[in-house]
Amino acid sequence: MHPASNDIGLVGLAVMGQTLALNIAAHGYTIAVYNRNPEKMRDFIAHCKANEPSSARVFGFESTMEFVRSIKRPRKIVLLVKAGEATDKTIETLLPFLEAGDSIIDGGNALWTDTIRREKHLRSLG
Numbered sequence: 004m005h006p007a008s009n010d011i012g013l014v015g016l017a018v019m020g021q022t023l024a025l026n027i028a029a030h031g032y033t034i035a036v037y038n039r040n041p042e043k044m045r046d047f048i049a050h051c052k053a054n055e056p057s058s059a060r061v062f063g064f065e066s067t068m069e070f071v072r073s074i075k076r077p078r079k080i081v082l083l084v085k086a087g088e089a090t091d092k093t094i095e096t097l098l099p100f101l102e103a104g105d106s107i108i109d110g111g112n113a114l115w116t117d118t119i120r121r122e123k124h125l126r127s128l129g
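For the sequence shown, my numbering assigns the number 4 to the initial residue and increments by one for each residue that follows.
Take a look at the structure:
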């Protein structure tokens, strides 16, 4: 896949992340997926290729940088990781590769005060 050609990115490939990624692809969008455990991502991509009609629109990445760079600007990245520290760590991992105007969508079960804190911090960065 050509760099910056995916419509959306998704981090976190537990059951909810896998299901959302497949739903997005089934609706005609290209999606980049990333998981902190590369083996989980590789297993998901292998499952897609073997079983999913929309697999040609799902692209897995082992590198955070390559994952982010594969998404069209302004980037839209959905996080489906554990609430709390895991979400903060994921955001910090993504930040060096993001640009002003990119969006992070926290799909986890975050404490509302964490959401407010993150929004203020990220808005200050653009």
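All C-beta atoms in this analysis are idealised placements derived from N, C-alpha and C, irrespective of residue type, glycine included.
Cβ contact check for the segment 38 to 54 and the segment 106 to 115: 3 or more pairs under 8 Å: Touching, no.
Status (buried if at least 16 other CB within 10 Å, exposed otherwise) for Gly129: exposed
N-terminal and C-terminal residue of the beta strand (DSSP E) that Asp109 is part of: 106 to 109
Secondary structure of Ala35, DSSP reduced to three states: In the structure shown, the three-state DSSP call for Ala35 is strand.
When Ala89, Leu83, Ile74, Trp115 are compared against Leu101, the one with the closest alpha-carbon: Ile74
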